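See structure below.
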Amino acid sequence: DGGITQSPKYLFRKEGQNVTLSCEQNLNHDAMYWYRQDPGQGLRLIYYSQIVNDFQKGDIAEGYSVSREKKESFPLTVTSAQKNPTAFYLCASNGQGSGNTIYFGEGSWLTVV
Amino acid sequence: QKEVEQNSGPLSVPEGAIASLNCTYSDRVSQSFFWYRQYSGKSPELIMSIYSNGDKEDGRFTAQLNKASQYVSLLIRDSQPSDSATYLCAVIPAGNNRKLIWGLGTSLAVNP
Chain A
2 DGGITQSPKY
12 LFRKEGQNVT
22 LSCEQNLNHD
32 AMYWYRQDPG
42 QGLRLIYYSQ
52 IVNDFQKGDI
62 AEGYSVSREK
72 KESFPLTVTS
82 AQKNPTAFYL
92 CASNGQGSGN
102 TIYFGEGSWL
112 TVV
Chain B
352 QKEVEQNSGP
362 LSVPEGAIAS
372 LNCTYSDRVS
382 QSFFWYRQYS
392 GKSPELIMSI
402 YSNGDKEDGR
412 FTAQLNKASQ
422 YVSLLIRDSQ
432 PSDSATYLCA
442 VIPAGNNRKL
452 IWGLGTSLAV
462 NP
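Taken in order, these protein sequences are the chains called A and B. Quick note, in the numbering used here, the first sequence goes up one by one and the last residue is 114. Quick note, in the numbering used here, the second sequence goes up one by one and the last residue is 463.
Written out as structure tokens, the structure is:
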């Protein structure tokens with residue numbers, strides 16, 4: 002089935018560690034996004050990529066990094082520079098073939114311990 | 352700064368009633384509009400997209416778009432307790448073909 006797969010679903014990070022969240026899509030979408038959502042809050046854009054080997058900062062990029070080496074994959078690294086990383090992370094994608102409708106993965110919960 | 356605004360709620364309606372959710376946007380030339388539903392702890396799922404002025408119906412859901420007044424609404428007929436969720440409005444402004452601008456969402460509670 003087509004869709005967006007995020008892993009892991011739950012992740013615990015120790016202080017000072019970098020962690021990487023995986024996002025893979027088989028929808029043939031050009032654009033991919035990472036959002037952060039804190040409890041009771043809206044979606045905030047971290048990074049987005051509209052084409053392979055290119056990406057742009059969103060509204061809250063500090064402390065995060067991404068890569069887009071393949072159309073299907075857009076991993077997010079939460080670095081130790083991100084001081085308050087505990088949140089729900091959502092990967093999404095869209096493309097012209099979908100009428101620009103954005104589709105989400107199931108999300109990844111990151112907790113700092 | 353392009354914005355999308357929604358009442359945070361909670362909006363409380365009795366089972367079987369019509370729930371009306373509203374969203375306004377600041378970019379007059381926005382072209383694409385979306386409603387998503389998000390259950391607590393889950394990712395958002397698309398309810399409906401709308402691109403032209405007027406109404407668009409899908410089952411119990413009707414989206415209404417008025418570009419002159421810069422608002423888009425979602426009506427849920429025969430509301431069910433399973434409709435209790437947060438409803439997110441999203442807009443793609445002109446000139447930025449795929450990057451959505453999101454509202455903060457309206458919390459809906461349907462009471463049995």
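For glycine and all other residues, C-beta sits at the position ideal for the given N, C-alpha and C. As the structure is a computational prediction, the values presented were derived from the model and not from experiment.
Look up residue i in the DSSP assignment and give the residues it is bridged to.
{"i": "aspartate 55(A)", "result": "Ile52(A)"}
{"i": "serine 383(B)", "result": "Ile443(B)"}
{"i": "aspartate 409(B)", "result": "Phe412(B)"}
{"i": "phenylalanine 89(A)", "result": "Gln38(A) and Trp110(A)"}
{"i": "glutamine 26(A)", "result": "Ile5(A)"}
{"i": "glutamate 13(A)", "result": "Reading the sequence as shown, one finds phenylalanine at residue 13(A) and not glutamate. According to DSSP, phenylalanine 13(A) bridges with Thr112(A)."}
{"i": "tyrosine 376(B)", "result": "Val355(B)"}
{"i": "arginine 388(B)", "result": "Glu396(B) and Tyr438(B)"}
Return the CA-CA distance between residue i and residue j, expressed in angstroms with no decimal places.
{"i": "cysteine 440(B)", "j": "proline 9(A)", "result": "28 Å"}
{"i": "alanine 436(B)", "j": "serine 430(B)", "result": "12 Å"}
{"i": "tyrosine 49(A)", "j": "asparagine 95(A)", "result": "11 Å"}
{"i": "lysine 353(B)", "j": "serine 433(B)", "result": "32 Å"}
{"i": "leucine 372(B)", "j": "proline 463(B)", "result": "19 Å"}
{"i": "glutamine 357(B)", "j": "glycine 41(A)", "result": "14 Å"}
{"i": "isoleucine 116(A)", "j": "valine 113(A)", "result": "With chain A running from 2 to 114 in the structure shown, residue 116(A) is simply not present."}
{"i": "glutamate 25(A)", "j": "leucine 426(B)", "result": "34 Å"}
{"i": "alanine 370(B)", "j": "arginine 428(B)", "result": "7 Å"}
{"i": "phenylalanine 56(A)", "j": "serine 68(A)", "result": "8 Å"}
{"i": "valine 461(B)", "j": "valine 423(B)", "result": "21 Å"}
{"i": "asparagine 54(A)", "j": "isoleucine 452(B)", "result": "24 Å"}
{"i": "methionine 33(A)", "j": "glycine 17(A)", "result": "27 Å"}
{"i": "leucine 44(A)", "j": "glutamate 366(B)", "result": "29 Å"}
{"i": "serine 420(B)", "j": "alanine 82(A)", "result": "43 Å"}
{"i": "valine 332(B)", "j": "arginine 14(A)", "result": "A query on residue 332(B) cannot be resolved here, the shown segment of chain B reaching from 352 to 463 and no further."}
Compare the C-beta of residue i against all C-beta atoms of chain E and say whether one is closer than 8 Å.
{"i": "proline 432(B)", "result": "This model lacks chain E altogether, as its protein chains are A and B."}
Are the segment 104 to 112 of chain A and the segment 406 to 418 of chain B in contact at 8 Å, needing three or more beta carbon pairs? Taking 8 Å as the limit for Cβ pairs, the verdict is that the segment 406 to 418 of chain B does not touch the segment 104 to 112 of chain A.
Please confirm if the segment 72 to 86 of chain A is in contact with the segment 17 to 25 of chain A, defined as three or more CB-CB distances below 8 Å between the two stretches. A contact exists between the segment 72 to 86 of chain A and the segment 17 to 25 of chain A.
Looking at chain A, which residues of the segment 366 to 389 of chain B have a Cβ within less than 8 Å of any of its Cβ atoms? Contact annotation: in the segment 366 to 389 of chain B, residues whose CB is within less than 8 Å of a CB in chain A are Ser383 and Phe385.
Residues of the segment 97 to 108 of chain A with a CB closer than 9 Å to any CB of chain B: list them in chain order, please. Those residues of the segment 97 to 108 of chain A that come within reach of chain B (Cβ to Cβ, closer than 9 Å) are Gln97, Gly100, Asn101, Thr102, Ile103, Tyr104, Phe105, Gly106, Glu107 and Gly108.
Quick one, which residues of the segment 440 to 458 of chain B are near chain A if we go by CB-CB under 8 Å, in chain order? Per Cβ criterion, the list reads Ala441, Ile443, Asn448, Arg449, Lys450, Leu451, Trp453, Gly454, Leu455 and Gly456.
For the segment 74 to 94 of chain A, which residues have a CB atom closer than 7 Å to at least one CB atom of chain B, in sequence order? Going along the segment 74 to 94 of chain A in chain order, one finds Leu91 with a Cβ nearer than 7 Å to chain B.
Got a sec: which bits of the segment 393 to 415 of chain B sit with their beta carbon under 9 Å from any beta carbon on chain A, in order along the chain? For chain A, the residues of the segment 393 to 415 of chain B that bring a beta carbon within less than 9 Å of one of its beta carbons are Lys393, Ser394, Pro395, Glu396, Leu397, Ser400 and Tyr402, in chain order.
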